[in-house]
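K.L.:
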Amino acid sequence: MGLLDGLLGHGSDAAPEAVAQELDGMLVPGETVQVAFRVIRDLMVFTDRRMILVDKQGVTGRKVSYLTVPYRAITSFSIENAGNFDLDSELTIWVSGRPDPIGRTLKRGADIRGIQRAIAASLR
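Residue numbers are given in full-length UniProt numbering: position 95 of the sequence shown equals residue 95, and the series is strictly consecutive.
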């Protein structure tokens with residue numbers, strides 16, 4: 001099901017240590033990756049300070065776009081876990097200053113509660 005999930009754009013858990021290495025130079029000293037998800041080549045990363053969306057573009061993936069969203073800019077979010085007949089979980093995040101929410105679909109078994117903890121712990 002892993003290949004099918006990738007083709008459908010469903011995100012799967014990524015090891016925080018590997019993601020931290022991949023983001024070497026992007027993270028500030030002391031910043032730690034709490035939860036991360038990979039959708040084919042793209043990443044959705046939640047650190048202890050912010051959310052980072054990594055969009056690898058083009059055939060080679062050498063062109064990379066980074067979107068950083070500080071947790072203080074998140075106005076609300078919703079999570080929907082996979083049900084009995086549902087194959088995926090959904091995450092929607094509303095950010096101040098953006099007209100449309102940021103949405104991602106994650107495969108069944110993704111650490112959706114980890115995302116909720118990462119965001120909720122940082123919203124104060």
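Ideal Cβ positions, reconstructed from N, Cα and C, are used throughout, including at glycine.
Throw me the rounded Cβ distance for the residue 125 and residue 73 pair, which I believe falls under 8 Å.
P.N.:
The requested residue 125 is not part of the displayed model; the chain covers only 1 to 124.
K.L.:
Report buried or exposed for residue 40, applying the criterion of at least 16 other Cβ atoms within 10 angstroms of its Cβ.
P.N.:
Indexing the sequence shown from 1 puts residue 40 at position 40. With fewer than 16 Cβ atoms within 10 Å of its Cβ, residue 40 is classed as exposed.
K.L.:
Would residue 66 pass as a contact of residue 52 if the rule is Cβ separation under 8 Å?
P.N.:
Residue mapping note: residue 66 aligns to position 66 of the sequence shown, counting from 1. Residue mapping note: residue 52 aligns to position 52 of the sequence shown, counting from 1. Yes. Within cutoff.
K.L.:
Could you give the uninterrupted runs of the alpha helix (DSSP H) lying entirely in the UniProt domain "Bacterial Pleckstrin homology" (2–121), keeping only those of 4 residues or more?
P.N.:
You should have 2–8, 16–22.
K.L.:
Could you give the distance in angstroms between the alpha-carbon of residue 116 and the alpha-carbon of residue 79?
P.N.:
Working through the sequence shown from its first residue, we reach residue 116 at position 116. Working through the sequence shown from its first residue, we reach residue 79 at position 79. In a straight line, the C-alpha of residue 116 is about 7 Å away from that of residue 79.
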